[in-house]
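Okay, so the sequence shown: first residue is 100 according to the numbering used here, each after it adds one.
What follows is a set of notes on a single structure, which appears directly below.
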Amino acid sequence: MKILAVETSCDETSVSVLECKGGLKNPKFSILSNIVFSQVELHAPFGGVVPNLAKREHQRNLVPSLIQALEEAGLIYLKSKISNLKSQTPRVSLRGEKSRVARDEATKQSHKNGDLDLLNNYKKLQKILEREPELSEQLINFLNKYEIPKIDLIAVTQGPGLEPALWMGVNFARAMSTAFVVPLLGVNHLEGHIFSVFLKNRENLKSKISNLERTPKTRFPALALIVSGGHTELVLVNDWLKYKIIGSTLDDAAGEAFDKAARILGLGYPGGPLISREAEKLKLYTLNSSGYNLSLPRPMINSKDFNFSFSGLKTAVLYLTQDLKKSGKWSDELIPQTAHEFQNAVVDVLVSKSLKAAENHSVKSFILCGGVSANKELRERLAKDVKEKFSGKVNFFMPDLEFSGDNAAMIAAAAYPNYLNLKTKGKSPKISPIIKANGNLNF
Ligand code: KG4
Ligand code: ZN
């Protein structure tokens, strides 16, 4: 089956089409397309994501992303008989009496053309997107120009994330569900990150369609370390779709700490890759070349639970730089050292807690995922330490770099087992269901 997914939880607008086959025990995925419009440059001057700007940008980018995703997947066709519904469709910009007259006229016309169903769908679509007129107009233009794409399910990130941004994706997905008459499923973004580890990209569409990627065998229980801009969670996965959080951050998420530390060091946004780049520079210099032995705390590394805390670490970076600046000992040469020590502190805590939790719960597989899983040091250390500690008996999974950040392919992948699960219960997802975006959604 073909799943069209939409992701707008933060600052990436993403639309993807996945071909999915197999049962719950052996799902197979093939990415037909995965379009990601990053808003990083837009938010960078503000040092973080500005929710209302993100929302505006999602509104602009969703239909172009949809068109590109369908094009790459070979699923877009111009209408053979160009319908002139555009002129018949009540335009969103018309209000009051003018709008009513236009609508009545359009209805009369569509009766003649036998397009009443389509027109009714347009009206429903406009109602769903009444607060997003620009998006509504773009989607109607799409429907006027192209045939309805042949997809079997639409999936959308329901949460967690920034609510104004999430709503944009949810409303867009509901409008598509109505217009395409295709069922819609809301997906947990964190579950999406877990499924990102099974995604592989292929260059050529023919091979994408004929060779579905078999999901490597995941033995349960599995432990997932989800590290992103908003979350740091250790999740026990007893079976697909059976999740239990066994540890979380008590304050800042790991990615958030990277972003804040980068800001303190004047590196810019997003901080993760920038801190990582500075830390890598140390390999070019000799350690402690300036003679300072920088040291930062490893918060909660020895606590008995599996929780984390990164807010104090960020404050320690602030005090460290302030003290050195006050005493005139600060120089830009210390930036790579501070970044290196900060990255090591975060990685030490994440690896140590993950290994303890994996041992405590006798897990058979380990999954590293979320935006921070792009961090080279974390990837290498965790893969190596899991292998060593469990003598290669624990399977280790992490996403290809392309899928570590937010993307819609992972949302489609997570939607598939949820869809199969509903089917085994004799249920099926509905067309245009009411889905509420939930910024705090969890497992
Ligand atoms: O999962 P994600 O793309 O978005 C959320 O769901 O939050 O994660 C974004 C986070 C940001 O905080 C970013 O700084 C961090 O992932 N990140 C990294 C790296 N690349 C991205 N953190 C550390 N090292 C990296 N290389
Ligand atoms: Zn994410």
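Where is the CB? At the ideal position from N, CA and C, for every residue including glycine.
{"Query": "Going by DSSP in three states, residue 471 sits in which element: helix, strand or coil?", "Result": "helix"}
{"Query": "Might you give, ordered along the chain, the residues of its own chain that have their beta carbon closer than 8 Å to the beta carbon of residue 415, omitting 5 neighbours on each side?", "Result": "395, 396"}
{"Query": "For residue 177 and residue 286, I'd like the C-alpha separation in whole angstroms.", "Result": "30 Å"}
{"Query": "CB of residue 505 to nearest heavy atom of the ligand KG4: below 7 Å?", "Result": "yes"}
{"Query": "Could you tell me how far apart the beta carbons of residue 350 and residue 410 are, in whole angstroms, since I believe they sit closer than 8 Å?", "Result": "4 Å"}
{"Query": "Between the C-alpha atoms of residue 527 and residue 102, what's the straight-line distance to the nearest angstrom?", "Result": "14 Å"}
{"Query": "I'd like to confirm the pairing. Which residues does DSSP put opposite residue 129 in its beta bridges?", "Result": "118"}
{"Query": "Can the beta-carbon of residue 566 be found closer than 8 Å to that of residue 352?", "Result": "Nothing about residue 566 can be read from this structure; the chain reaches only from 100 to 542."}
{"Query": "Taking 7 Å as the cut-off, is the CB of residue 292 close to at least one heavy atom of the ligand ZN?", "Result": "yes"}
{"Query": "At a cut-off of 7 Å, would you count residue 474 as near the ligand ATP, judging by its Cβ distance to the nearest heavy atom?", "Result": "With respect to the ligand ATP, the structure offers nothing, as its ligand set consists of the ligand KG4 and the ligand ZN."}
{"Query": "Exposed or buried, residue 365, counting other C-beta atoms within 10 Å across all chains shown (16 or more means buried)?", "Result": "exposed"}
{"Query": "Which first and last residues belong to the beta strand (DSSP E) in which residue 102 is found?", "Result": "101–106"}
{"Query": "With a Cβ-Cβ cutoff of 8 Å, do residue 172 and residue 131 count as a contact?", "Result": "yes"}
{"Query": "In this structure, how does DSSP classify residue 527 when only helix, strand and coil are distinguished?", "Result": "coil"}
{"Query": "Does DSSP put residue 336 in a helix, in a strand, or in coil?", "Result": "strand"}
{"Query": "According to DSSP, is residue 477 helix, strand or coil?", "Result": "helix"}
{"Query": "Measure the beta-carbon distance from residue 356 to residue 412 and round it to whole angstroms, keeping in mind my assumption that it falls under 8 Å.", "Result": "6 Å"}
{"Query": "Which residues in the same chain as residue 299 place their Cβ atom closer than 6 Å to its Cβ, once the five residues preceding and following it in sequence are excluded?", "Result": "312"}
{"Query": "What is the DSSP secondary structure of residue 245, counted as helix, strand or coil?", "Result": "strand"}
{"Query": "Quick one: any contact between the region 484–491 and the region 288–296, if contact means 3 or more CB pairs under 8 Å?", "Result": "no"}
{"Query": "Assign residue 111 to buried or exposed, taking buried as 16 or more other Cβ atoms, counted over all protein chains shown, within 10 Å of its Cβ.", "Result": "buried"}
{"Query": "Grab me the residues of residue 266's own chain with a C-beta within less than 7 Å of its C-beta, minus the 5 sequence neighbours each way, in chain order.", "Result": "536"}
{"Query": "Would you identify the three-state DSSP class for residue 145, choosing helix, strand or coil?", "Result": "helix"}
{"Query": "In terms of residue numbering, what span does the beta strand (DSSP E) encompassing residue 418 cover?", "Result": "Taken as a continuous stretch (DSSP letters only), residue 418 belongs to no beta strand (DSSP E), being part of the alpha helix (DSSP H) at 410–425."}
{"Query": "Would you give the residue range spanned by the alpha helix (DSSP H) that residue 172 belongs to?", "Result": "Taken as a continuous stretch (DSSP letters only), residue 172 belongs to no alpha helix (DSSP H), as it is neither H nor E."}
{"Query": "Just to confirm my understanding: we take residue 174, look at its own chain, exclude 5 residues before and 5 after, and list those with CB closer than 8 Å. What are they?", "Result": "101, 116, 131, 248, 249, 250"}
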